[in-house]
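One line per chain: the protein sequences are S and R, in this order.
The opening position of the first sequence corresponds to residue 14 in the numbering used here, with each subsequent residue numbered one higher.
The opening position of the second sequence corresponds to residue 14 in the numbering used here, with each subsequent residue numbered one higher.
Cβ coordinates follow ideal geometry from the N, Cα and C atoms, glycine included.
Below is one structure; the comments refer to it alone.
Number of protein chains: 2
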Amino acid sequence: MTDDTDRHNAKMAKKKAARDKIMATKTEEKGLVIVHTGKGKGKSSAAFGMIFRCIAHQMPCAVVQFIKGGMETGERSLIQSHFSDACQFYTMGEGFTWETQDKSRDIEMAQTAWEKAKDLIVDPAIRMVLLDEINIALRYDYIDVAEVVAFLKEQKPEMTHVVLTGRNAKEELLEIADLATEMELLKHPFRSGVKAQAGVEY
Amino acid sequence: MTDDTDRHNAKMAKKKAARDKIMATKTEEKGLVIVHTGKGKGKSSAAFGMIFRCIAHQMPCAVVQFIKGGMETGERSLIQSHFSDACQFYTMGEGFTWETQDKSRDIEMAQTAWEKAKDLIVDPAIRMVLLDEINIALRYDYIDVAEVVAFLKEQKPEMTHVVLTGRNAKEELLEIADLATEMELLKHPFRSGVKAQAGVEY
């Protein structure tokens, strides 16, 4: 038992030394382009988790919701009621495209949201901008992906983080991302007849 | 152009009707067992996003951190400073196992955390319990997965959500999950020498 424990501790000490050595090479700080995509859940919640981290660190931040605007989410009400000084919040879309059934209006909304997003990204006071569900607008070509990529490469301030969420992220966007995560669906309760619930889905 | 718009709108109307029909069959409400696993980022942030949703909906909730305890996270300070009435927060671990290098102490901590988790889960006032990084403790067998599975199946109140995070989720746990997401790493900035940054990683 003592031998086993010693072996474990020696192994862990070695692992720690290796990890510390690797981490010591990670010295750069920079604003990241972060993409959350995939069919699984957690794309927006993980992004909002980062927004709450920024709020906790008193880093001014902003959210633009491109699509889900019709839905009053918990995050939105919590941020607006408690942290409106730290985090600007803009809801530009009116729901999913199959809710509005009006393509020209959807395009107009997406474009307006993108104009707001650009203003926020170049604002030197803002440290993180979340473009929630922008991938949906990009997928339907309501916003031009080439324009978004060029803007992020050329005009994003060096230290600003931009987080882009939504399924079906375009390849061009993934190419310029510093950090990209695919949320893969393993199991979903809708399949067994369970509806969207407070605290979990919204 | 008008024809194209009409076609789009008709297609979306059809999509909406199909979706509404499906959603109408999702009527059940129940407490879910939710697992976030995989090597990608966002497992804990997405879970904390759900905790913030619960706080927004005034659903009492609780967090037990199994492993990351050594690290002062933004979420923890934000919850403790603003929402300690709504969300109980327990940090039981002392860092990753390669930080402590003391197996017997790690086991003791994991067991203590699991005892606290059980108390919180059976508490009828609590609607969601997040067991952050419990999968690490399960993987090293610091906690018995069969015991956790049996407890969730037999003693979890019907309406309580339990969220379990950490990479390498055990198969036995995934089997009883209602909702499981694998966060898959597509790209990580550590690879290009960028260090962990406030707002993104902690």
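- Between residue 133(S) and chain R, the shortest Cβ-Cβ separation is not below 9 Å.
- Against chain S, the CB of residue 102(R) has no partner CB under 9 Å away; the residue lies outside that interface.
- Per the DSSP secondary-structure output, residue 101(S) pairs in a beta bridge with 75(S).
- By the 16-neighbour rule on beta-carbons within 10 angstroms, residue 26(S) is exposed.
- For residue 45(S), a Cβ of chain R is located within less than 9 Å of the residue's own Cβ.
- When rounded, the separation of the alpha-carbon atoms in residue 90(S) and residue 97(S) is 10 Å.
- The C-beta of residue 210(S) comes closer than 9 Å to at least one C-beta of chain R.
- Counting every other CB atom within 10 Å of its CB across the protein chains shown gives residue 121(S) a total below 16, marking it as exposed.
- Only residues of its own chain outside the window of five on either side were considered, and among them 158, 162 have a CB closer than 6 Å to the CB of residue 185(S), listed in chain order.
- Across the set 67(S), 53(S), 61(S), the C-alpha of 67(S) shows the shortest separation from the C-alpha of residue 211(R).
- The criterion of a C-beta distance shorter than 9 Å is not satisfied by residue 145(R) and residue 47(R).
- Pairing residue 17(S) with residue 215(S), the inter-Cα distance amounts to about 47 Å.
- Take residue 164(S), set aside five residues on each side of it, and the residues of its chain with a beta-carbon closer than 8 Å to its own are 131, 134, in chain order.
- Excluding the 5 residues flanking it on each side, residue 174(S) has same chain C-beta neighbours closer than 6 Å at 44, 45, 141, in chain order.
- Residue 145(R): member of the beta strand (DSSP E) spanning 141–145, first to last residue.
- For residue 37(R), the secondary structure class from DSSP, reduced to helix, strand or coil, is helix.
- Taking the C-beta atoms as reference points, residue 199(R) is found nearer than 9 Å to residue 53(R).
- Residue 176(S) is bridged by DSSP to 47(S), 143(S).
- Inter-residue distance for residue 101(S) and residue 69(R) is about 17 Å (C-alpha atoms, whole angstroms).
- Among the residues of the stretch 57–76 of chain R, those with a Cβ less than 7 Å away from any Cβ of chain S are 58, 59, 61, 62, 63, 65, 66, 67, 68, 69, 70, 72, in the order of the chain.
- Judged by DSSP secondary structure, residue 56(S) falls within the alpha helix (DSSP H) whose first and last residues are 56–69.
- Here residue 75(S) is near residue 103(S), since their CB atoms are less than 9 Å apart.
- No Cβ of chain R is located within less than 9 Å of the beta carbon of residue 157(S).
- Assignment of beta-bridge partners to residue 213(S) by DSSP yields no partner.
- Taking 9 Å as the cut-off, the beta carbon of residue 50(S) is found no closer than this to the beta carbon of residue 138(S).
- For residue 116(R), the closest Cβ of chain S is nearer than 9 Å.
- Close to residue 90(S), with beta-carbon spacing below 8 Å, are these residues of chain R in chain order: 69.
- With fewer than 16 other beta carbons inside 10 angstroms of its own, residue 71(R) counts as exposed.
- 190(R) is the residue among 178(R), 190(R), 86(R) whose C-alpha sits nearest the C-alpha of residue 169(R).
- If you check the CB distance, residue 58(R) and residue 59(S) come in under 9 Å.
- Close to residue 192(S), with beta-carbon spacing below 8 Å, are these residues of chain R in chain order: 54, 200, 201, 202, 213.
- Under the three-state reduction of DSSP output, residue 167(R) falls in the helix class.
- Taking C-beta atoms as the reference points, residue 197(R) and residue 172(S) fail to come closer than 9 Å.
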